[in-house]
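The structure under discussion appears below in the form of structure tokens.
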Amino acid sequence: MKSYLNFFKLRIITNLQYRAAALAGISTQLFFGFVYIMVYLALYESNKGVTPPMNLSSIVTYLWLQQAFFALTFPYTKDQELLNMIKNGNLAYELIRPQNFYFKFYIKLIANRMVAAFLRSIPILLIGFLLPEPYKLSMPSNITSLIIFIIALLFACLLVTALSMIMHLLTMYFLDARGVSSAYNVIADLFMGGIVPLPFFPKFLQNIAYKLPFRYISDFPYRVYSGDITIIVGKNMLIGSFIWIIIIIVIGLIISKHALKKAVIQGG
Numbered sequence: 445m446k447s448y449l450n451f452f453k454l455r456i457i458t459n460l461q462y463r464a465a466a467l468a469g470i471s472t473q474l475f476f477g478f479v480y481i482m483v484y485l486a487l488y489e490s491n492k493g494v495t496p497p498m499n500l501s502s503i504v505t506y507l508w509l510q511q512a513f514f515a516l517t518f519p520y521t522k523d524q525e526l527l528n529m530i531k532n533g534n535l536a537y538e539l540i541r542p543q544n545f546y547f548k549f550y551i552k553l554i555a556n557r558m559v560a561a562f563l564r565s566i567p568i569l570l571i572g573f574l575l576p577e578p579y580k581l582s583m584p585s586n587i588t589s590l591i592i593f594i595i596a597l598l599f600a601c602l603l604v605t606a607l608s609m610i611m612h613l614l615t616m617y618f619l620d621a622r623g624v625s626s627a628y629n630v631i632a633d634l635f636m637g638g639i640v641p642l643p644f645f646p647k648f649l650q651n652i653a654y655k656l657p658f659r660y661i662s663d664f665p666y667r668v669y670s671g672d673i674t675i676i677v678g679k680n681m682l683i684g685s686f687i688w689i690i691i692i693i694v695i696g697l698i699i700s701k702h703a704l705k706k707a708v709i710q711g712g
């Protein structure tokens, strides 16, 4: 366990050096935040006689949180080092190390996400809180919702990283998993509420989304923050999120074990 913690700290220290990428990310997320909010403002203004599935304050808060923690919850974060290792045969060096292959790269991906999110989220959240209405990021509905949000966001990072690891492991079978990862990105982004929040889905799509693990990545944490998901439901959903984390990690471990047994190292 100590070696994994040291590896986690090393990855964080290394990634903290890329401040220029963080500044570019902040600019991008702020731009898209304003664009999405303006789209919904126009939508709400043109449908004043219709009761929306989320009030305007909740949707604005949802959109700012989505942009602030984009790096933490993006469905597929590519680890080019791991992909190259699989393709060129250097994977053999990893197999003789004392660390578990799966958890080593799982921790690395988590560290990459956490550093990117930390560098981007604080400036975006501060700007969001300081903006005037209707662009203002609202405070959490209550302290309990805030606590559930923090835990849910942590679980979301663990879950989306486990899903991302599966996409990396599939490279051992296909050598080039761009097609699979692209399809996964679209499906995950849709059903996690990354394109349109789930309350705006038609009923049949909502029923599908609520049975998949993706809603725990962004829909759940962002809506519980604003009070759109009640505390009682939020507590139950934390359990569901944790169960999905265990299931996806176990699936990843099984795929990893099977793939490594079948792996053929070129030249040896």
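Residue numbers (this note's numbering): 445 to 712.
Beta carbons are placed, not taken as given, at the ideal position from N, Cα and C, and that holds for glycine.
Remember, it's a predicted structure, so these values are computed and weren't measured experimentally.
Buried versus exposed, by CB contacts within 10 Å (16 or more), residue i
i           : result
residue 574 : exposed
residue 524 : exposed
residue 702 : exposed
residue 495 : exposed
residue 711 : With a pLDDT of 47 at residue 711, under the threshold of 50, the predicted position of this residue should be treated as unreliable, and no value is reported.
residue 472 : exposed
residue 637 : buried
residue 641 : buried
residue 646 : exposed
residue 481 : buried
residue 648 : exposed
residue 657 : buried
residue 583 : exposed
residue 479 : exposed
residue 486 : exposed
residue 700 : buried
For residue i, the three-state DSSP class (helix, strand or coil)
i           : result
residue 521 : coil
residue 618 : helix
residue 689 : helix
residue 654 : coil
residue 581 : coil
residue 661 : coil
residue 492 : coil
residue 576 : coil
residue 671 : coil
residue 640 : coil
residue 514 : helix
residue 498 : coil
Residue i versus the options, residue with shortest Cα-Cα distance
i           : options               : result
residue 564 : 477, 674 and 669      : 477
residue 713 : 665, 661 and 634      : As shown, the chain starts at 445 and ends at 712. That puts residue 713 outside it, with no answer to give.
residue 644 : 469, 479, 506 and 474 : 506
residue 588 : 640, 695, 673 and 531 : 673
residue 726 : 656, 590 and 662      : As shown, the chain starts at 445 and ends at 712. That puts residue 726 outside it, with no answer to give.
residue 514 : 654, 557, 596 and 571 : 557
residue 675 : 699, 624 and 590      : 590
residue 694 : 554, 666, 550 and 623 : 550
residue 475 : 579, 490 and 499      : 579
residue 469 : 497, 485, 511 and 488 : 511
residue 683 : 599, 594, 497 and 487 : 599
residue 610 : 519, 593 and 555      : 519
Check: residue i C-beta below 7 Å from any heavy atom of the ligand SAM
i           : result
residue 609 : As far as ligands go, the structure on display features none, and thus does not contain the ligand SAM.
> Does the stretch 671-690 come close enough to the stretch 623-637 to have 3 or more Cβ pairs within less than 8 Å?
Replying inline: The stretch 671-690 vs the stretch 623-637: no contact.
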